[in-house]
Amino acid sequence: MDTDGDIVLRRMEKEDCDKLLAIFSPEHSIRLYTSYYEEQESGKRDVIIACSRNEIVGYVTIIWESNYEDFREQGIPEIKDIRVVEHYRRTGIATKLMDEAEVRIAEKATFSSAGVGLAEEYEAAQNLYAKRGYVPDGKGVFYMESYLIDEQLEVSENQGLMMIKPL
Numbered sequence: 001m002d003t004d005g006d007i008v009l010r011r012m013e014k015e016d017c018d019k020l021l022a023i024f025s026p027e028h029s030i031r032l033y034t035s036y037y038e039e040q041e042s043g044k045r046d047v048i049i050a051c052s053r054n055e056i057v058g059y060v061t062i063i064w065e066s067n068y069e070d071f072r073e074q075g076i077p078e079i080k081d082i083r084v085v086e087h088y089r090r091t092g093i094a095t096k097l098m099d100e101a102e103v104r105i106a107e108k109a110t111f112s113s114a115g116v117g118l119a120e121e122y123e124a125a126q127n128l129y130a131k132r133g134y135v136p137d138g139k140g141v142f143y144m145e146s147y148l149i150d151e152q153l154e155v156s157e158n159q160g161l162m163m164i165k166p167l
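Put into structure tokens, the structure is as follows:
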């Protein structure tokens, strides 16, 4: 557990699943967060929780074997799904989470990676990764699913740019 000021970084606990759902994704299924917890317990993922005054204010996850083929083949872990409660944004919590994630990754790998969505709602994450030295991997846009409308590609949250950073 790391503390800095009143921000505490800790591992995800099983009881956090319901809290994370209520705070960040009430429109989604609890399955997202229970899978995060299960993957953490099996060693496939690390989930770092940021708390202020015993309340969850953010989290980030590390996937030790990226779903993105190029990074998986090279053994490059992927930072995935960083979120901070809106009221706590621009207070350094995302930076603390990223610092901790990169320290953990550096213990096992020489590069860190991240995928960031192209939609406007991911602007803060795009800027965060760029400021931290992440650069596009040079392979273009990564499509989890593609939708063609009138033969034009519609930008959605299912498309991302894969980025990489030497540690």
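Quick note: the sequence shown, position 139, residue 139 per our numbering, numbers continuous. All C-beta atoms, glycine included, are put in the ideal place defined by N, C-alpha and C.
Self-check item: Spatial distance of M12 from K19 (CA atoms)
Solution: One-based indexing of the sequence shown puts residue 12 at position 12. One-based indexing of the sequence shown puts residue 19 at position 19. If you take the alpha carbons of M12 and K19, they lie about 11 angstroms apart.
Quiz item: Looking at I62 and K80, is the spacing between their C-beta atoms short of 9 angstroms?
Solution: One-based indexing of the sequence shown puts residue 80 at position 80. One-based indexing of the sequence shown puts residue 62 at position 62. I62 is positioned such that its CB atom lies closer than 9 angstroms to that of K80.
Exercise. For H30, count neighbouring C-beta atoms within 10 Å of its own C-beta (all shown protein chains included) and say buried if the count is 16 or more, exposed if not.
Key: By one-based count along the sequence shown, residue 30 stands at place 30. Position check: residue 30 holds Ile in this sequence, whereas His was assumed. By the neighbour-count rule (16 or more Cβ atoms within 10 Å), I30 is not buried but exposed.
Self-check item: Residues that I105 bridges to, as DSSP identifies them
Solution: To locate residue 105, count along the sequence shown from 1; it is residue 105. Its beta-bridge partners do not exist; DSSP assigns none.
Quiz item: How would you call G58, buried or exposed, if buried means at least 16 neighbouring beta carbons within 10 angstroms?
Solution: Taking the sequence shown and counting its residues from 1, the one referred to as residue 58 is at position 58. The residue in question, G58, is buried, as its Cβ has 16 or more Cβ neighbours within 10 Å.
Quiz prompt | Opposing strand residues paired with G115 [DSSP bridges] | solution = As a first step, residue 115 must be located in the sequence shown, where it is residue number 115. Its beta-bridge partners are M162.
Quiz item: Ends of the alpha helix (DSSP H) at L32?
Solution: As a working mapping, residue 32 is identified with position 32 in the sequence shown. Where L32 is concerned, the enclosing alpha helix (DSSP H) stretches over R31 to S42.
Self-check item: D150 - DSSP class collapsed to helix/strand/coil
Solution: In the sequence shown, the residue the question calls residue 150 occupies position 150. At D150, the pLDDT of 46 sits below 50, so the modelled position is not reliable; the number obtained from the coordinates is stated separately. Correct three-state label for D150: coil.
Practice problem: For G36, collect the residues of the same chain with a Cβ closer than 7 angstroms to its Cβ; drop the 5 residues on either side in sequence, then sort them by chain order. | Solution: Locating residue 36 in the sequence shown gives position 36, counting from the first residue. Here residue 36 turns out to be Tyr, not Gly, going by the sequence shown. Non-local beta-carbon contacts of Y36 in its own chain, meaning distances under 7 angstroms to residues more than five positions away in sequence, involve M12, R45, V47 and T61 in chain order.
Self-check item: Alpha-carbon to alpha-carbon, F111 and L161
Solution: Sequence index remark: in the sequence shown, residue 161 carries index 161 (1-based). Sequence index remark: in the sequence shown, residue 111 carries index 111 (1-based). Between L161 and F111, the alpha-carbon positions lie close to 16 angstroms from each other.
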